[in-house]
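In my numbering, the protein residues as written are 1 to 59.
One structure is given here, and the rest of the page talks about it.
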Amino acid sequence: MVAKDLVLAFSGGLDTSFCVPWLQEQGYAVHTVFADSGGVDAEERAYIEQRAVELGAAS
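Next up, the structure:
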């Protein structure tokens with residue numbers, strides 16, 4: 001089965017962190033996106049990116 005691409009607005013919090021593996025189980029290749037509205041520093045952005053990778057996001 002070929003995975004369908006899905007883009008997930010990802011904050012790195014509990015809810016979106018749950019969604020990544022669950023959506024993968026449903027057959028999706030999950031691509032995360034984070035919108036920085038100016039209130040996040042570089043360290044937090046790096047944490048959010050690393051969290052997505054740890055959870056298995058495709059990108």
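A virtual CB, placed ideally from N, CA and C, is assigned to each residue, including glycine.
Nearest-angstrom Cβ-Cβ length linking residue i and residue j, presumed shorter than 8 Å
| i | j | result |
| --- | --- | --- |
| Val-20 | Val-30 | 5 Å |
Residue environment, residue i, which counts as buried when at least 16 other CB atoms sit within 10 Å
| i | result |
| --- | --- |
| Arg-51 | buried |
| Ala-35 | exposed |
| Phe-10 | buried |
Residue i in three-state terms, based on DSSP
| i | result |
| --- | --- |
| Asp-41 | coil |
| Leu-55 | coil |
| Asp-15 | helix |
Rounded C-alpha distance that separates residue i from residue j
| i | j | result |
| --- | --- | --- |
| Val-40 | Thr-32 | 17 Å |
| Asp-5 | Ala-58 | 9 Å |
| Val-2 | Tyr-28 | 9 Å |
Residue i vs residue j beta-carbon contact at 8 Å
| i | j | result |
| --- | --- | --- |
| Gln-24 | Gly-56 | yes |
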